[in-house]
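*Asks:* Residue numbers (our numbering), protein chains in the order written: chain A, 5 to 156; chain B, 5 to 297; chain C, 505 to 696; chain D, 5 to 670. A virtual CB, placed ideally from N, CA and C, is assigned to each residue, including glycine. Here it is, the structure, as structure tokens.
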Amino acid sequence: MQEFEPKIVAFVCNWCTYAGADLAGTSRIKYATNVRIVRFPCTGRIDYMLILKAFQNGADGVIVSGCHPNDCHYTSGNFHARRRWIVFNELLELLGFDKRRLFFSWVSAAEGAKWANLVNEVVTEVRKLGPFNEYEELSKINVNSIGEICNV
Amino acid sequence: MTKIGYFPGCSLNGTAKEYDLSLQAIARFADVELVELADWNCCGATAAHSLNSTLAVALPARNLAIAESMGFDEILVPCAACYSRLAQSRHEIKSDEKYRTKIPQLIEMDIKGTANPITVLDFINKYVLGKLKDNLSNKLNAKFACYYGCLLTRPEHLSTIERREDPLVMEQIVQLVGGMAIDWAFKVECCGAGLSVVRTDIIGKLCAKILDDANSRGADAIVVACPMCHSNLDMRRNEINKNLASANTLPIIYITQLLGLALGIEPNKLGFDKHFVSTGKFLHKLQKQTMEV
Amino acid sequence: METKSKIEPLAQPLKEKILNEINEQVMKCYQCGKCAAGCPLSGEMDYTPNQILRLLQIGDTSCDDEVLRSYGIWLCLTCDTCHSRCPQEVDFPHIMDFLRSESIKRRKVHPKAKEIIAFHRSFLECIEKTGRLHEVGLIASYKLKTFNLLQDVDLAPKMFAKGKLEIFPHRIKGKEAIARIFEKAIKEADND
Amino acid sequence: MARIGVFVCHCGENISSTVDCAKVAEIASNYPGVVYSIDYKYMCSDPGQNLIKEAIQKHKLTGVVVAACSPRMHEPTFRKATAEAGINPYLCEMANLREHCSWVHFREDSTTEKAAELVRVLVEKVKHNEELYPIKVPITKTALVIGGGIGGIQAALDIANSGHKVIMVEKNPSIGGKMAQLSETFPTLDCSQCILTPRMVEVAQHPNITLYTYAEVESVDGFIGNFKVTIRQKAKSVDHKACTGCGLCIEKCPIKKIPDEFNAGLGNRAAIYVPFPQAVPNKPVIDRNNCTYFLKGKCGLCNKVCPADAIHYEQEDEFIKVDVGAIVAATGFDIKHSDFLPEYGYGKYPDVIDGLQFERLASASGPTLGVLKRPSDGKEPESVVFIACAGSRDPAKGIPYCSKICCMYTAKHAMLFKHKNHHGNATVFYMDIRAGGKMYDEFVRRAIEEDDVNYIRGRVSRIYEKNGKLIVCGVDTLLNSRSVEIEADLVVLATAAVANSDSEELAQKLHISYDQYHFFSEAHPKLRPVETNTAGIMLAGACQAPKDIPDTVSQASGTAAKVVALFSQDELTREPLIAYVNNNTCVGCFLCQSVCPYLAIEKEEIRRRDGTLVKTVAKINPGLCQGCGTCVALCRSKSIDIHGYTNRQIYAEVSALFNRREYAGV
């Protein structure tokens, strides 16, 4: 059987993690092809609805990564990102979402190897979890049958 | 009464009887029962790890497993060499997947690594010092050179001693009992233990430097916490003196004997008669100075 | 083709074996000499610790051979002074343990080291039989192995007098279990 | 209707060796909205750029996706080419096929698949790109130089001599830095203070330089050309305008036993002090942590004796706000102190000293007036051992790097000792001699050949004291690793050069990056060695990495040239990637204002024609906004967006990521 290849999307900031991923490239450090990077000016810019959007569109795992605390190019964007991340996480937990599909990390512009390791670890973890089907299954439910489900 | 596991090791059964005697005396004072591990075996010492790495982990592991089965999470290992082997064995089992599966098969016992070997200095710090202050009966007014040797301070991952190049744990104990700890230069140098029988000439040279430095800085005795150090410095004195201009008569005493004296225990009950190098002059001086106080 | 297959079994340099089996990197050593400066026995060794590491770094058969035939590896006291001060954190005593067992395995033990091994063997035999060390038995066995009959005769009477020597060994109850540990550990070493 | 062009670059073989570029171009040609798609060997070359320009014109493209290297590398190149073809440069986007794909994966189907997907994502994004126009901002033509050592002095003088204003901030009571503490300098052995002090005076007297000593940078806001800096002027407790520098107060101060920082702890100073005789400014400050008046509320002797009435105990720290266009960090380095090397007895034996202490002992202005006396008993040493790499190149001690300056200063120290005591024994333990530099190796050879310094190749294991001598146990690796024991009177350790303890804090104030050892990071190790990654902030000297004086001075002049080049323009062009507000939906909650790190969000009142207030909404100040987008993610009514990363663009990207269903039929 062919191994499940998870689809991973990474939301990263331009100054640290994007540059860190560039460094992984210039250092020719190999990692799994499963990841797609979306560039943001800062992790502070990341609207967490985008994470839901990514899962809705078929992502199996999401990485959010930016500058280390105190190293933010814009002083404090990463702190706001982290604060919102905590709230968002609790919300997801409340909704019964499997949080193991979400990854938060700090990768600086000097940490090419850390980036490669992060991607590989995430791919391994998500591969263990299998494909993310919950959204698709949810969308198949007929609106009219919701009442029945609730009555049970 | 607190009970902890006790692994005397081969030395304390034989060449280091005075260490065992004085340690038991201290433990009684501290209200700690030292429960000898049932049917313990030799740790394998230098011989095992020189010749067979598996044996070097397995032999101590059996003792660790015995301690676990007796329900101890602490094992007092007064011999620094045995301590090093037991602690290393536990370290390997906890950190190396290979040993974690292999060792139980070899020793035919379960082992989790829950029993933690401790040195005599750990023991004194944890169980004895707190009770010492109110029970001191003698002030040991003499100069002591505290000798640690290798295995109490090295390797780093097994040692509980801070400032490994210039430790002060024993010095603090000496000061607590009224003695003066001298600053000297050979406290963490090696005495050569492993080659004691085969290359006694080397032991002579290494120990001569140690004794000479302590002597030249005015020590009245050297304090040790390891039977290997003791037997080399004490029993091998003739060989050592061949390397010195004049015969060195410094007595070598165990830290436990020192504490015993401070607590007013009779020297004979602490095994002072079992030394090769006479402790008489030293004890006499102590007695005289105590009287003068 | 034929010559190639002949060379191959010897081809793995010791440094690779050391890396694979005990995870120590000899290539880290940059020859500062701090180990030799602090080693209590470097004056007695034919090759000092840093020189042994240098030979291992070269990695050819003749250098590896020199290491395994050296006397220095048998003198190491495992006092860990070299390791504790090594700027590159090379665990040299660990490497020494490996080299000693490798030297025995490949039958390259330095002639002068045979006494040291005899002592270690006597020690282990004693434990194998009784579970614990028995000084009289150990010394007797060692003397038989080396014919150093007069060694330490001056110590024995005094030790008896001080109650520090037992004539008869204490045999532990689990001595069979100990014997089985020996059997399995030795078999495993032979299989390596 | 969008008309997108896709240009896939092979980058020689850098991309094409693992990605099938032709196939990527072919797949891309089928994406909706793509009207032109092609692959080419070097897209950044002239013919490559022409290919793009021609295609833009011929196919009337409304968007361009260049699939090549990282946009951090060539985005400006391709945006310029796009503009030259007549369309707005911000209609060009880059897909990172090299750093994020070809270089990090092996040649396999999934690599080409990924490349095609990366292109698809950017195609979807670029459909929503808008035309943007650069923002022009004025430049404040004043430079701030942080640190008054030789690096800061050189940079400040060069900038000031080009006709621009300079503000210099030094945390100590005097400028001069480490160089002022040195006795002689290698490889010429000229007196350090003799060549430095004229420069110090020049700084103090320069009409374009404003000097703040005993002061630190408190905070930095703004951006290139427009920094707003707050300087904390620590209370000197002495009015420097009134003070004549007569020195009576220092003479009368009863607290005289404070270890003297300038003499590396080897001498004493008073509680009111001038660090050294040639200090600039040559006027005292009160060390409040040691002054009896401040500790116990009485004494006041200095005040009583001061003929100028200049002692002001009530003085408080002052905060000075300045506007600057560029900042030069020249904060220098430190050496590792304390019992960092217990096996050498550093910190235990007074006669085991560090290099800086030796400089002070050898200096004519030092605590011993240039007579080499050892700290313990004042004896003049007959045998001195110098140990190189004492902590450097030592991963076990946490410092794997070479401190660069020690080989040379150790040779110098040994020479200075031999010049003072011709019959003395100087021994140097070394691992390697790194003497690259003009006249450097010759200098070391001179120490060995002419001054008879005994160089022993090998490290020292330990040092102990015996009968007033220091026993140095080393090894000679060139003599069969023979043990060497030397009885020394004095041991000098070339301890590692490290970053200042407060360098991390300063880097965070400046928003510049720093390495794991807290040295500041340059923008590019080879091609941009004096700039940081934050525009407008430059580096000079050892705050970037350990450096000797010639290197520091060169870098300082290089930095000055960068500052002067910046100041040669009247306006600065900035990327228009900043936030903007939709007035119609903004409800005026001003949450955005609370998170903006640049205070760029203001309030705007919307009024009817008759003047009645409709509502108050957020407004972005384009001069201050740096485009981080934190406000965008936070806005609850989705009324703020950011050019270049708009919600439409990003959602289009994310939707294009894995939405296979939508593309399945194409």
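(1) How long is the line joining the alpha carbons of D:V205 and D:V284, rounded to whole angstroms?
(2) Where D:M542 and D:T536 are concerned, what is the direct C-alpha to C-alpha distance, given to the nearest angstrom?
(3) Any chance the stretch 427 to 435 of chain D sits against the stretch 309 to 324 of chain D, with 3 or more Cβ pairs inside 8 angstroms?
(4) Give the DSSP-derived three-state secondary structure of D:Q237 in the structure shown.
(5) Thinking D:Q361 and D:A451 are a contact (beta carbons under 8 angstroms), I'd like their distance in whole angstroms, please.
(6) With A:V42 and A:A14 assumed to form a contact (beta carbons below 8 angstroms), what rounded beta-carbon distance in angstroms separates them?
(7) Note down, one range per segment and in chain order, each alpha helix (DSSP H) of at least 4 residues found wholly within the stretch 291 to 331 of chain D.
(8) Under 7 angstroms Cβ-Cβ, which residues of chain G neighbour C:G641?
(9) What does A:D75 reach in chain D if we use C-beta pairs closer than 7 angstroms?
(10) Residues of chain C with CB under 7 angstroms from B:N56, in chain order?
(11) Which residue's Cα is closest to the Cα of D:I213: D:G226, D:V170 and D:E103?
(12) The ligand NAP heavy atoms versus the CB of D:S49: any closer than 7 angstroms?
(13) Taking D:K245 as the reference, which of D:D264, D:E220, D:N286 and D:E222 has the closest Cα?
(14) Do the CB positions of A:C76 and A:S112 come within less than 8 angstroms of each other?
(15) Is there a Cβ from chain B that is less than 8 angstroms from the Cβ of C:C533?
(16) Name the residue from D:G349, D:S196, D:E322 and D:A549 whose alpha carbon lies nearest to the alpha carbon of D:K473.
(17) Excluding the 5 residues preceding and the 5 following D:N272 in the sequence, name in chain order all residues of the same chain whose CB lies nearer than 7 angstroms to its CB.
(18) Going by C-alpha distance, which of A:C17, A:W19, A:Q6 and A:A28 is nearest A:N124?
(19) Return the chain-ordered list of same chain residues with a C-beta closer than 7 angstroms to the C-beta of D:T22, the five sequence neighbours on each side being excluded.
(20) Since I believe D:L595 is in contact with D:L628 (beta carbons under 8 angstroms), could you give me their beta-carbon distance rounded to a whole number of angstroms?
(21) Please report the distance separating the alpha-carbon of B:V201 from that of D:F433.
(22) Taking buried to mean at least 16 other C-beta atoms within 10 Å of its own C-beta, is D:M5 buried or exposed?
(23) Which ranges would you report for the beta strand (DSSP E) in the stretch 106 to 165 of chain D if only whole runs of at least 3 residues count?
(24) What number of angstroms, rounded off, separates the C-alpha of D:Y655 from the C-alpha of D:F523?
(25) Compute the Euclidean distance between the alpha carbons of B:L248 and D:R461, then round it to the nearest angstrom.
(26) Can you grab the Cα-Cα spacing for the pair B:L16 / C:W578, in whole Å?
(27) Using DSSP bridges, identify the partner residues of D:S223.
(28) Measure from the C-beta of A:F44 to each C-beta in chain D and report whether the shortest distance is under 8 angstroms.
(29) According to DSSP, is D:K45 part of a helix, a strand, or is it coil?
(30) In chain order, which continuous runs of the beta strand (DSSP E) of length 3 or greater are located wholly inside the stretch 629 to 691 of chain C?
(31) Please list, in chain order, the chain B residues whose beta carbon lies closer than 9 angstroms to that of D:Y468.
(32) Determine, using beta carbons only, whether C:C536 and D:M412 come nearer to each other than 8 angstroms.
(33) Taking Cβ-Cβ distances below 7 angstroms as the criterion, which residues of the stretch 390 to 401 of chain D are in contact with chain B?
(34) What do you get for A:E115, buried or exposed, if any count of 16 or more other CB atoms within 10 angstroms of its CB means buried?
(35) In terms of residues, what are the limits of the beta strand (DSSP E) holding B:A229?
(36) Looking only at C-alpha atoms, which of C:G542, C:I643, C:I599 and C:G635 sits nearest to C:R684?
*Replies:* Concretely, from the data shown:
(1) Looking up residue 205 of chain D in the fourth sequence gives position 201. Looking up residue 284 of chain D in the fourth sequence gives position 280. Roughly 7 angstroms between the two C-alpha positions.
(2) Indexing the fourth sequence from 1 puts residue 542 of chain D at position 538. Indexing the fourth sequence from 1 puts residue 536 of chain D at position 532. Roughly 6 angstroms between the two C-alpha positions.
(3) no
(4) Stepping through the fourth sequence from its first residue, residue 237 of chain D is reached at position 233. In the structure shown, D:Q237 sits in a strand (DSSP, three-state: E or B).
(5) Numbered from its first residue, the fourth sequence carries residue 361 of chain D at position 357. Numbered from its first residue, the fourth sequence carries residue 451 of chain D at position 447. Contact doesn't hold; Cβ gap of about 20 angstroms is too wide.
(6) One-based indexing of the first sequence puts residue 42 of chain A at position 38. One-based indexing of the first sequence puts residue 14 of chain A at position 10. Contact holds; Cβ gap of about 7 angstroms.
(7) 296 to 300 and 305 to 309
(8) Of the protein chains in this structure, namely A, B, C and D, none is chain G.
(9) Walking along the first sequence from the start, residue 75 of chain A turns up at place 71. Within chain D, the residues near A:D75 are S517.
(10) The residue given as residue 56 of chain B occupies position 52 in the second sequence. S605, A689, I690 and A693, listed in chain order.
(11) Here residue 213 of chain D is taken as the residue at index 209 of the fourth sequence, counted from 1. It is D:V170.
(12) The ligand NAP is not among the ligands present in this structure, which contains no ligands whatsoever.
(13) Here residue 245 of chain D corresponds to residue number 241 of the fourth sequence, with the count starting at 1. Taking only the C-alpha atoms, the option nearest D:K245 is D:N286.
(14) Translated into the one-based positions of the first sequence, residue 76 of chain A becomes position 72. Translated into the one-based positions of the first sequence, residue 112 of chain A becomes position 108. Not a contact, by the Cβ cut-off of 8 angstroms.
(15) Residue mapping note: residue 533 of chain C aligns to position 29 of the third sequence, counting from 1. No, no contact with chain B.
(16) Here residue 473 of chain D refers to the residue found at position 469 when the fourth sequence is read from its first residue. Minimum Cα distance to D:K473 is reached at D:G349.
(17) The sequence position of residue 272 of chain D within the fourth sequence is 268, counting from 1. Result list for D:N272: K260, K261, I262, P263 and D264, in chain order.
(18) The residue you call residue 124 of chain A lines up with position 120 of the first sequence. Measuring from the Cα of A:N124, the nearest candidate turns out to be A:A28.
(19) As a working note, residue 22 of chain D is residue 18 in the fourth sequence. Taken in chain order, the residues that qualify are S106, H109, F110, R111 and T115.
(20) As a first step, residue 628 of chain D is located in the fourth sequence; it is residue number 624 there, counting from the start. As a first step, residue 595 of chain D is located in the fourth sequence; it is residue number 591 there, counting from the start. Contact doesn't hold; Cβ gap of about 18 angstroms is too wide.
(21) Here residue 201 of chain B is taken as the residue at index 197 of the second sequence, counted from 1. Here residue 433 of chain D is taken as the residue at index 429 of the fourth sequence, counted from 1. Spanning the two alpha carbons is a distance of roughly 37 angstroms.
(22) The residue you call residue 5 of chain D lines up with position 1 of the fourth sequence. D:M5 comes out exposed.
(23) 139 to 142 and 146 to 150
(24) Translated into the one-based positions of the fourth sequence, residue 655 of chain D becomes position 651. Translated into the one-based positions of the fourth sequence, residue 523 of chain D becomes position 519. The alpha-carbon atoms of D:Y655 and D:F523 are separated by roughly 39 angstroms.
(25) Taking the second sequence and counting its residues from 1, one reaches residue 248 of chain B at position 244. Taking the fourth sequence and counting its residues from 1, one reaches residue 461 of chain D at position 457. The straight-line gap from Cα to Cα measures roughly 32 angstroms.
(26) Position 12 of the second sequence, counted from the start, is the residue given in the question as residue 16 of chain B. Position 74 of the third sequence, counted from the start, is the residue given in the question as residue 578 of chain C. Approximately 27 angstroms between the Cα atoms of the pair.
(27) Along the fourth sequence, one-based indexing puts residue 223 of chain D at 219. DSSP lists D:T234 as partners of D:S223.
(28) Locating residue 44 of chain A in the first sequence gives position 40, counting from the first residue. For A:F44, the answer is yes, since a Cβ of chain D falls inside 8 angstroms of its Cβ.
(29) For the purposes of this step, residue 45 of chain D is taken as residue 41 along the fourth sequence, with counting starting at 1. Correct three-state label for D:K45: coil.
(30) none
(31) Counted from its first residue, the fourth sequence places residue 468 of chain D at position 464. Within chain B, the residues near D:Y468 are W188, A189, F190 and D217.
(32) Here the question's residue 536 of chain C lines up with position 32 in the third sequence. Here the question's residue 412 of chain D lines up with position 408 in the fourth sequence. No, these two residues do not count as a Cβ contact at 8 angstroms.
(33) none
(34) Translated into the one-based positions of the first sequence, residue 115 of chain A becomes position 111. So A:E115 ends up on the buried side.
(35) Walking along the second sequence from the start, residue 229 of chain B turns up at place 225. Looking at the DSSP string, B:A229 is not in any beta strand (DSSP E), and its letter there is neither H nor E.
(36) Counted from its first residue, the third sequence places residue 684 of chain C at position 180. When only C-alpha atoms are compared, the closest one is C:G635.
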